[in-house]
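Chains as they are written, first to last, in the working numbering: chain A, 9 to 362; chain B, 1414 to 1951. Every residue, glycine too, gets a C-beta built ideally from N, C-alpha and C. Computed from a prediction, not measured in an experiment: that's the story for all the values here. Take a look at the structure set out below.
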Amino acid sequence: MKSKIVGGIILLLVIIVIIAFQFVNVNKPEEITVSGYLGGEKEGLMQDEEVKKILKDKYGITVEYTKAGSIEMIEQDSSDKDYLFPSSQTALELFNQTKSDKLYKSEIVFNSPIVIYTWKPIAEALINNGIVEEKDNSYYIADTSALIKLVTDKKKWSDIGVNDLYGYVTIQSTDPNKSNSGNMFAGLVANIMNNETVVDSSTVDTILPNLKDFFGKIGYMEHSSGDLFEQYLKTGMGAKPMIAGYENQMIEFAIENPNDWNMVKEQVAVLYPEPTVWSSHPLIALNEKGAKLIEAMQDEEIQKIAWEKHGFRTGVNGTINTEIEGFYGIPKNINAVIQMPNPDTMQKIMDGIK
Amino acid sequence: MKKISGNKKLIISVMIIIVVIAIIVGSIISIQKSGSNISFGKKTLNILSGSENEVLEPILEEFEKQNNVNINMTYEGSVDIMQELQNGAENYDAVFPANSIWISMGDTNLKVKNQKSITTTPVVFGIKKSVAEKLGFVGKDVTTKDILEKIQSKELSFMMTSATQSNSGATAYLGFIYALLGNPEVITAEDLDNEELKTNLTTILSGVNRSSGSSDWLKDLFLESDYDAMVNYESIIIDTNKELVARGEEPLYVIYPQDGLGIADSPLGYIDNGNKEKEEIFLKLQDYLISDEVKPKLLELGRRTSFAINFENSNPETFNSDWGIDTKKVLNVMKMPTADVIQKALNMYQTELRKPSLTVYCLDYSGSMAGNGVTSLRSAMSMLLDQTKAKNYMLQASTKDVTIVIPFDNNVLDIWKAEGNDETTLLELQSKIDSLDPQGGTDIYKPLIKAMDEIKKYNVSDYTTSIILMSDGKSNVNSYNQVVEEWNQENLDIPIFSITFGESDDRELQALADFSTARVFDGKDNLEKAFKQAKGYN
């Protein structure tokens, strides 16, 4: 009799364990690992513990990535990948042209305008030269053509009153053939050179020699926006006087390194070109797993973290609703925007700069 | 059919239940295990690093202790690091060169991620203060061209590392080109064909007294020699000055050329070979190195840790303004040319412009070298003599180089010479090395004396001269004193580098290296690598 009771208790326990185990399992989504190519500017976001936790707990997703430039990743073999996460429409369009059979689904999940990062003494000199204007704590490049002309006219820093710097005015960017921020910057400069109208196949040949000259002055071009930005901040005004980057990069730096931000915030300056171009970050799914990542990245909480901690604008036109503490000078809306040249024209621009 | 009793029934059902429980518990444990980090044994992080980071070892040891992990540092020159990355860097988990450009140019396999600059330090001229004063370089803006003029007129003797082996040497060399071209917007491939530029560079580089494959060793060499100046990192000049002051000697005065050389941004990046645990350790190490706990230690080493490079100097003993060090000055940097221009410039340095090398290889062909020994030796030499292979490591011969090979056992067996960089001539030399077979005893001193005799036939000041002795055994004869005597008598400032192999007596070789200010390279694990390193110093 006694043993029967023991047996019964054990049986009961087993049933409880089984039920409990299944209960836990039912509420947990299927665990998947999703791997792909990621633009360097989103490394901070994908390494964010909060983001990782939401992806894991709510969606059962562990993300693995290989860092690659937006244009570079399109050219890579992606047969063992589930997604590509570049930072431009152009990359998506190039993908559609060459590998459209591989496309499962795509969605723009973030936006960020192209800005120019520089230093206070340079920003002030540009204000004095009537090129930059300060409005509501933000710096706008009111005369972007004039800024580009400083470079093409071989002006020296001393010509615009920055006497601490040696040599010629230049704006550095990543390689337009490898990385998106450089690619978009090339599109923007091309438009500016075309009297601030979008370059197309009928006008591209006129501006190409000038554009080539502009990029030829940069010398060595980095492959990753993240690396260029890191060098800008670390090696200072003499090494990187002006670089093209994404708006989100400085915001992310400020939030992640509040102490360091306090030390540099009086020294750095963010210039918003008028007009600028939007960098849209399309998430390209190559299969069902990639599609699940698209769904997860559109999660409200992740979108909130993406803005508040990493500076990626979300929503359709990127209007911001929440202020970021301790960080000022971010325009609520980006009003002056120009379209990127179409993919064929961009291809011509890229080949011309190569 | 036998009837199963009630008791047996119970036993069977209990057993089934136990098995079920075991399976469930087991699977739960295994699920938990795969999700967490249960691991046994110490984890190791293999880092491919520039030699300037050797001074960080105490800081890394602290991390090893705190986290119970091993950090394995392998020191290589910048070009080698770039090459290793291009080859996939399968054996490394992280890369830590002096400048991010080497990762950028090397990472064609897209394996590097999470790259962060740990410290910064500018490449500068360090000139003896009295000399700097005499030349009028103190207290005013000086350009690279001003300094180069003094080098060209022989008023200033200086040292720099090899441009094709070390980042500081490459930076300085490109900086010289930029200055000699009159500081153009950017250096182009056509600029490099300018004959006047080549002549000027040849003159300047002929003033380089001794070359070195690494920035840190250049400091050691400087401290043991008597030169006016060196091009090196600000942090290494600081380190040198601390030692000079301790000895009661005159410190170096730091000149930041107004037109700028370069800044070493010391990036630490993860090499993704697909090991999650290593990635976690890596990220922890990276956070540690940029933490507020470690920053003061890095500052103590003369590294800059601040963003925007300038900072309020809180450590006047290290960042000493009497040494010309200025932490608030805007540091201009020349623009790096495109990758193909850099490659072209480095090739020109190696094959045309650098001070030619006069290198005597004394190679051990004693009986104990038979088998593996002589095979490794032949393949190591072919890496230097076969110009197609040498090009991979930027170790090609130049048109004016002199290569002498002295094979020995207990006697000098022969003397083989090749002048210039003609591929066929060098391959003929290689075929002699390939066809000689080892036998007999060992005397490492006879070939050294012979080497000095051969060197005396040349005008030594026209060359970067050195002897590279490779031996696998203890010398049967000891004529150490005779070698030292001859060396001193002829006043030959020739470093005697050694490469150890097999059973060789390291003390004997170390003694030779010490008195001639050279180095001993360990070829026991990898003879090719040791030859590569030794040659990188010449």
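Endpoints, beta strand (DSSP E) assigned at residue i
| i | result |
| --- | --- |
| valine 1526 of chain B | According to the sequence provided, residue 1526 of chain B is lysine. The question's valine does not apply to it. Residues 1525-1530. |
| tryptophan 286 of chain A | 286-293 |
| phenylalanine 1538 of chain B | 1534-1541 |
| serine 1462 of chain B | 1456-1462 |
| glutamate 141 of chain A | 140-143 |
| valine 1896 of chain B | Looking at the DSSP string, valine 1896 of chain B is not in any beta strand (DSSP E); the run it does join, the alpha helix (DSSP H), is 1893-1902. |
| valine 1408 of chain B | There is no way to answer for residue 1408 of chain B, as the model of chain B reaches only from 1414 to 1951. |
| alanine 252 of chain A | 251-254 |
Cβ neighbour criterion (16 or more within 10 Å) applied to residue i
| i | result |
| --- | --- |
| lysine 1741 of chain B | exposed |
| arginine 1920 of chain B | exposed |
| lysine 1446 of chain B | For lysine 1446 of chain B, the pLDDT reaches just 40, beneath the cut-off of 50, and the residue's location in the model is therefore unreliable, leaving the point undetermined. |
| aspartate 1938 of chain B | exposed |
| isoleucine 256 of chain A | In the sequence as presented, isoleucine is not what sits at residue 256 of chain A; that position holds asparagine. Answer is buried; the Cβ neighbour count reaches 16. |
| lysine 1563 of chain B | buried |
| leucine 21 of chain A | exposed |
| serine 96 of chain A | buried |
| glutamate 1693 of chain B | exposed |
| asparagine 267 of chain A | exposed |
| proline 1664 of chain B | buried |
| serine 1517 of chain B | buried |
| aspartate 217 of chain A | What sits at residue 217 of chain A in the sequence shown is proline, not aspartate. With fewer than 16 other Cβ atoms within 10 Å, it is exposed. |
| proline 290 of chain A | buried |
First through last residue of the alpha helix (DSSP H) which encompasses residue i
| i | result |
| --- | --- |
| leucine 1759 of chain B | 1752-1761 |
| glycine 360 of chain A | 351-361 |
| phenylalanine 1509 of chain B | Careful: phenylalanine 1509 of chain B lies outside any alpha helix (DSSP H), inside the beta strand (DSSP E) at 1507-1509. |
| asparagine 1596 of chain B | Counting along the chain, asparagine 1596 of chain B falls outside any alpha helix (DSSP H), and DSSP gives it neither H nor E. |
| leucine 100 of chain A | 97-107 |
| phenylalanine 222 of chain A | 212-224 |
| glycine 1786 of chain B | 1785-1798 |
| alanine 194 of chain A | 188-201 |
| tyrosine 1701 of chain B | 1689-1702 |
Residues that residue i contacts on chain A, provided the C-beta gap is smaller than 9 Å
| i | result |
| --- | --- |
| alanine 1758 of chain B | Those do not exist, as alanine 1758 of chain B stays about 12 Å from chain A at its closest Cβ, beyond 9 Å. |
| asparagine 1527 of chain B | Glu51, Gln55, Lys75 |
| proline 1750 of chain B | Gly227, Tyr228 |
| glutamine 1671 of chain B | Tyr174 |
| isoleucine 1514 of chain B | Tyr228, Glu230 |
| leucine 1744 of chain B | Thr243, Gly244, Met245, Gly246, Ala247 |
| leucine 1469 of chain B | Simply none; closest approach about 17 Å. |
Bridge-paired residues (DSSP) for residue i
| i | result |
| --- | --- |
| arginine 321 of chain A | A/Asn119 |
| phenylalanine 1934 of chain B | B/Ile1912 |
| alanine 1831 of chain B | B/Thr1816 |
| threonine 74 of chain A | A/Tyr45 |
| isoleucine 1560 of chain B | For isoleucine 1560 of chain B, which the question treats as bridged, DSSP gives no partner whatsoever. |
| aspartate 1927 of chain B | In the DSSP output, where bridge partners are listed per residue, aspartate 1927 of chain B has none listed. |
| leucine 1674 of chain B | B/Val1746 |
| valine 1621 of chain B | B/Phe1571 |
| tryptophan 127 of chain A | A/Val276 |
| lysine 113 of chain A | A/Ala293 |
Partner residues on chain B for residue i, Cβ-Cβ distance less than 9 Å
| i | result |
| --- | --- |
| glutamine 275 of chain A | Phe1720, Ala1721, Asn1723 |
| glycine 360 of chain A | In chain order: nothing, as chain B lies at least about 15 Å away. |
Partner residues on chain A for residue i, Cβ-Cβ distance less than 7 Å
| i | result |
| --- | --- |
| glycine 1915 of chain B | Simply none; closest approach about 43 Å. |
| threonine 1533 of chain B | Lys242, Thr243 |
Whole-Å CB distance - residue i paired with residue j, under 8 Å assumed
| i | j | result |
| --- | --- | --- |
| leucine 1766 of chain B | leucine 1523 of chain B | Rounded, the Cβ-Cβ distance is 34 Å, inconsistent with contact. |
| serine 1679 of chain B | alanine 1511 of chain B | 6 Å |
| leucine 366 of chain A | glycine 246 of chain A | Outside the displayed range of chain A (9 to 362) lies residue 366 of chain A, so it cannot be described from this structure. |
| glycine 190 of chain A | threonine 182 of chain A | 4 Å |
| isoleucine 1909 of chain B | isoleucine 1880 of chain B | 5 Å |
| leucine 1790 of chain B | methionine 1883 of chain B | 7 Å |
| glycine 319 of chain A | asparagine 145 of chain A | With 8 Å as the limit, glycine 319 of chain A and asparagine 145 of chain A do not qualify as a contact, their Cβ atoms being about 16 Å apart. |
Under 7 Å by beta carbon: chain B residues contacting residue i
| i | result |
| --- | --- |
| histidine 231 of chain A | Ser1517 |
| valine 272 of chain A | Phe1720, Ala1721 |
| glycine 253 of chain A | The premise fails here: glycine 253 of chain A is roughly 15 Å from chain B at the closest Cβ pair, so nothing lies under 7 Å. |
| aspartate 268 of chain A | Phe1720 |
Chain-ordered neighbours of residue i on chain A, where CB pairs are closer than 8 Å
| i | result |
| --- | --- |
| leucine 1905 of chain B | Near leucine 1905 of chain B there are no residues of chain A at all, since even the closest Cβ is about 42 Å away, more than 8 Å. |
| aspartate 1753 of chain B | Going along chain A, no residue has its Cβ under 8 Å from aspartate 1753 of chain B, so there is no contact; the nearest lies around 10 Å. |
Residues that residue i contacts on chain B, provided the C-beta gap is smaller than 8 Å
| i | result |
| --- | --- |
| glutamine 239 of chain A | Ser1513, Ser1530, Asp1678 |
| aspartate 109 of chain A | Here the premise fails: no neighbours, minimum Cβ distance about 23 Å. |
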